[in-house]
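> Chains E and W are the protein sequences, given in the same order. Letter by letter, the first sequence follows residues 66 to 626 of the numbering used here. Letter by letter, the second sequence follows residues 11 to 176 of the numbering used here.
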Amino acid sequence: MPKVTIDGRTFDAPAGRTIIDIAAQNGIEIPHFCWHPKLTPAGNCRMCLVEVEKMPKLAIACMTTVADGMVVQTASEKVLNARHAVMEFLLINHPLDCPICDEAGECKLQDYAYKYSIGESRFEEDKVHKPKRVELGPNVLLDVERCIMCSRCVRFSDEIAHQPVLTFTQRGTHVVLTTFPDTQLDNRYSMNVIELCPVGALTSRDFRFKARVWEMSSTDSVCTGCARGCNTNVWVRNNEILRLTPRHNEEVNSYWMCDDGRLKTFKHVNAAERLSAPLVRKEGQLMETGWDEAIAKAVSELRLFRKNEIAALGSGFSSNEDNYLLQKFFRETVGTRLVDLVEHVVEGDQDDLLIRADKTPNTTGAREVGVRPGPAGEDLASILQGVRDGSIKALYVLEDDIAADPAVREVLGNLELLIVHAHQRNATTEFADIVFAASTFAERNGTFVNFQRHVQRFRPAVATQEQDRALDGFNMSRWDKFAAHNDRWGRGSRRDARPSWRILAALAVVYGVKYRYQTAEDVFREITERVPTFKGMSYLAVGSRGRTLAAAGTTAPAPVA
Amino acid sequence: MSSNDKMIRTKDLTFLEKIYLPEIVKGLFLTVRQMFKPKVTVQYPEERFEPPAQFRGRPVLVHENGVERCVACGLCSRVCPALAIEVQAAETPLDKERYPEKFEINMIRCIFCGFCEEVCPEEAIIMSNEYLLVFQSQEEAVFGKDKLLKSAEEMRPRLEFLRDHR
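1) Ignoring anything shorter than 3 residues, give me the beta strand (DSSP E) runs that lie fully in the stretch 104 to 166 of chain W, in order along the chain.
2) From Cys-123 (chain W) to Lys-157 (chain W), what distance separates their C-alpha atoms?
3) With C-beta atoms as the reference, is Val-115 (chain E) less than 8 Å away from Val-137 (chain E)?
4) Check whether the Cβ atoms of Lys-458 (chain E) and Glu-481 (chain E) lie closer than 8 Å to each other.
5) Any beta-carbon of chain W closer than 8 Å to the one on Pro-164 (chain E)?
6) Name the residue from E:Thr-234, E:Pro-196, E:Leu-242 and E:Ala-497 whose alpha carbon lies nearest to the alpha carbon of Arg-217 (chain E).
7) Closer than 9 Å, Cβ to any Cβ of chain E: which residues of the stretch 65 to 83 of chain W, in chain order?
8) Give me the subset of the stretch 256 to 279 of chain E whose CB atoms are less than 7 Å from a CB atom of chain W, sorted by chain position.
9) From the beta carbon of Asn-551 (chain E), is the nearest beta carbon of chain W less than 8 Å away?
10) Three or more C-beta pairs under 8 Å: does that hold for the stretch 129 to 141 of chain W against the stretch 55 to 74 of chain W?
11) Apart from the five residues just before and just after Asp-466 (chain E), which ones in its own chain have a Cβ nearer than 8 Å to its Cβ?
12) According to DSSP, is Arg-308 (chain E) part of a helix, a strand, or is it coil?
13) Which full runs of the beta strand (DSSP E) of 3+ residues lie inside the stretch 71 to 151 of chain E, going along the chain?
14) Contact criterion: CB-CB distance below 8 Å. Does Gln-146 (chain W) meet it with respect to chain E?
15) Can you tell me where the alpha helix (DSSP H) holding Arg-590 (chain E) begins and where it ends?
16) Candidates E:Arg-543, E:Gln-521 and E:Thr-505: which alpha carbon is nearest Thr-529 (chain E)'s?
17) If we call anything under 8 Å between Cβ atoms a contact, is Val-72 (chain W) one with Glu-133 (chain W)?
18) Do Leu-449 (chain E) and Val-410 (chain E) come within 8 Å of each other at the CB atom, strictly closer than that value?
19) State yes or no: is the C-beta of Asn-204 (chain E) within less than 8 Å of the C-beta of Asp-271 (chain E)?
20) Show which residues of chain E have a CB atom less than 7 Å away from the CB atom of Ala-100 (chain W).
21) Could you pull the start and end residues of the alpha helix (DSSP H) that Pro-164 (chain E) belongs to?
22) Considering just the uninterrupted stretch of the beta strand (DSSP E) at Met-352 (chain E), what are its terminal residues?
23) For Lys-47 (chain W), write down the residues that DSSP places opposite it in a beta bridge.
24) Have a look at Leu-637 (chain E) and Arg-88 (chain W) and give me their C-alpha separation to the nearest angstrom.
25) Taking 8 Å as the threshold (beta carbon to beta carbon), is Arg-176 (chain W) in contact with chain E?
26) Output, in chain order, the set of chain W residues within a Cβ distance shorter than 7 Å of Trp-554 (chain E).
27) Gly-294 (chain E) and Gln-521 (chain E) look like a contact to me (Cβ under 8 Å); what is the Cβ gap, rounded to whole Å?
28) Residues of chain W with CB under 9 Å from Phe-599 (chain E), in chain order?
29) Taking the alpha carbon of Val-97 (chain W) as the point to measure from, which residue in E:Met-214, E:Ile-165, E:Ala-503 and E:Gly-134 has its own alpha carbon closest?
30) Closest to Pro-96 (chain E) by CA distance: which of E:Met-120, E:Glu-142, E:Asp-545 and E:Tyr-177 is it?
31) Here's a check: name, in chain order, each residue in its chain whose Cβ is nearer than 8 Å to the Cβ of Lys-197 (chain E), leaving out the five neighbours to either side.
32) Leaving aside the five residues before and after Thr-619 (chain E) along the sequence, list all residues of the same chain whose C-beta is less than 7 Å from its C-beta, in chain order.
33) For Glu-33 (chain W), does the count of other Cβ atoms within 10 angstroms reach 16, so buried, or fall short, so exposed?
34) Give the residues of chain W in contact with Phe-547 (chain E), contact being defined as C-beta atoms less than 7 Å apart.
35) Please go through the stretch 489 to 569 of chain E and give each complete beta strand (DSSP E) segment of 3 or more residues, from N-terminal end onward.
36) How do the stretch 221 to 228 of chain E and the stretch 281 to 294 of chain E stand: do at least 3 beta-carbon pairs fall below 8 Å, yes or no?
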């Protein structure tokens, strides 16, 4: 194996790798703007200049492949001088508008200006003015003045999104990023250029000016838009989700996520129409009621039916913990064999990068923990048939708007009892007799299993009434830490919603069976004991990267990633 | 320090100190001298103290022809040690791109330190010469844009002071 020495430390360097690659892998930071591990190197920002022994001039670390015996200095005086010069050139025409720039706080140029720049400019002339607020596409806005021409967005569109519509025109200081005539940046991954952009040139039209970066807390989570389960960060201020950004996980989504996941999977959490309490139907109207009353009523109503008249539907939108307790409660406590779920597959809406046809984050997990047709083939079709012909009189549905499907909607009227867990009123709650206000993925702990059978954890980022940001270990912003009860900016609405597993456990207790779960982790622990493919897992082991389930039918513990 | 180490004055008073009178005269002299100096007492509340430009009264937002200078960057909010300021930005078609949709200062939290004024890149939030703050409820103490906005002409003394001393 060839060896390379960087800053006095010697590393193995497989042929063909670049200096910046080897350095990054070994924790040596070489400043860079245009280089990105997933894009072809462009070598145009000149920020990664390093000194290589026996080379007459400084070399760019992102394009110089390593050779055996190479000796590299990343912080010699010559290198530092070159960096200062590069920063000075980049800042000549960069506007001094950090106070109004959305990128401020997570800006590479800003960080490097502190770290690697001499801190003053010798440029006294007027800065070049270029177009601002250019609409590159439906989701991305461009400020050309801020652009440093690193070409990351151009390369992303060409190489990853396969929509080559971005290019540079003009020369020198007048270079302008633009789309080709009659095209726009409207691919389904377009918003990834916003994070890729090392400065604030590309901004999100959805998030624009909503908040400063340092005002929000950021929590590791998982996207619920499809079965890929992209790893995300949930950004919250005043108990309201303001944006989702992708979190790097090479096994699942690399650095990317799709625009649908980014824009459409969190708005319902903030919605004003969220249920604020459980609902019980009285004289034809759904009325708000207390939790104890709703739970007692649900149990007494369920008791009116024989066990083969009751069916339960899990949900691909609910966590493994929820689905597991649902099937446990109905199979073991109530005694029905009719447990399945409604799948949400959009045929053909799938691609090679991330998007999956299965539009739920957890159907795989729900099936794995037991929400699947019974031994005699009691599946969804037979449940719906039973509802239609009147042999099934009571139905219990986890977080899923099953009535959105006209075929299901048509039979729901036949039911004598429909109990639903929901986030807000929807087509299904129109038929429901009892509605439990369930908390969303952003308000609780839990796990999903993606289509690759990868178990992934999500954590609470938004507090419900039963939670406390500090006591329950939420990630907190400075605002969260210091808000008093009478500060308006600390009083974002908190819903009276509960995780589905907790509601089911409460039902079981009233039913007369002791379900002793204090936390979602307790439920997960039982899953690992009773579902062979989960054996050996724990929340700690799943961590922020996730772990892959053992292959179906085996009981071998999953290999440690 | 233990009780044994107490400081004890060992020197006795001199004769002049013992008779006490010279010290009385000294004190009277000071009092009489003050009687011939100009009066500084203000008959509050009939008369009001007009603070000079360097006085740090309650913070205000400066507007020019009805347009606030503020670009809602949130730096005042970040620097505020008492977390008194809440800003919500929004987009405007004007050149400055953003403006504060909401700008609230909780005057119960405010400690009049002037950090917000110091950090403001637009000279948009400045300390005024107003020191009369009365509220009857906590809600009333939260000043919105309606109470905070003051025209640049009105605030000229402070703005000129800042130009000269910064």
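Idealized CB from N, CA, C, for every residue including glycine.
If we stick to the structure as given:
1) 108 to 116, 135 to 137 and 159 to 161
2) 19 Å
3) yes
4) yes
5) yes
6) E:Leu-242
7) Val-81, Ala-82 and Cys-83
8) Arg-273, Phe-274, Arg-277 and Trp-279
9) yes
10) yes
11) Ala-487, Asn-491, Ala-492 and Thr-493
12) strand
13) 74 to 77, 114 to 117 and 135 to 138
14) no
15) 585 to 595
16) E:Thr-505
17) yes
18) no
19) yes
20) Phe-274
21) From DSSP, Pro-164 (chain E) is part of no alpha helix (DSSP H); its letter is neither H nor E.
22) 350 to 353
23) According to DSSP, which records beta bridges pairwise, Lys-47 (chain W) is partnered with nothing at all.
24) Outside the displayed range of chain E (66 to 626) lies residue 637 (chain E), so it cannot be described from this structure.
25) no
26) Glu-96
27) 6 Å
28) Those do not exist, as Phe-599 (chain E) stays about 45 Å from chain W at its closest Cβ, beyond 9 Å.
29) E:Ile-165
30) E:Tyr-177
31) Asp-208, Val-209 and Glu-210
32) The predicted model places Thr-619 (chain E) with a pLDDT of 49, which falls under 50 and marks its position as unreliable; any figure quoted below should be read in that light. The answer is none, since no qualifying residue turns up.
33) exposed
34) Leu-93
35) 499 to 502, 511 to 514 and 519 to 523
36) no
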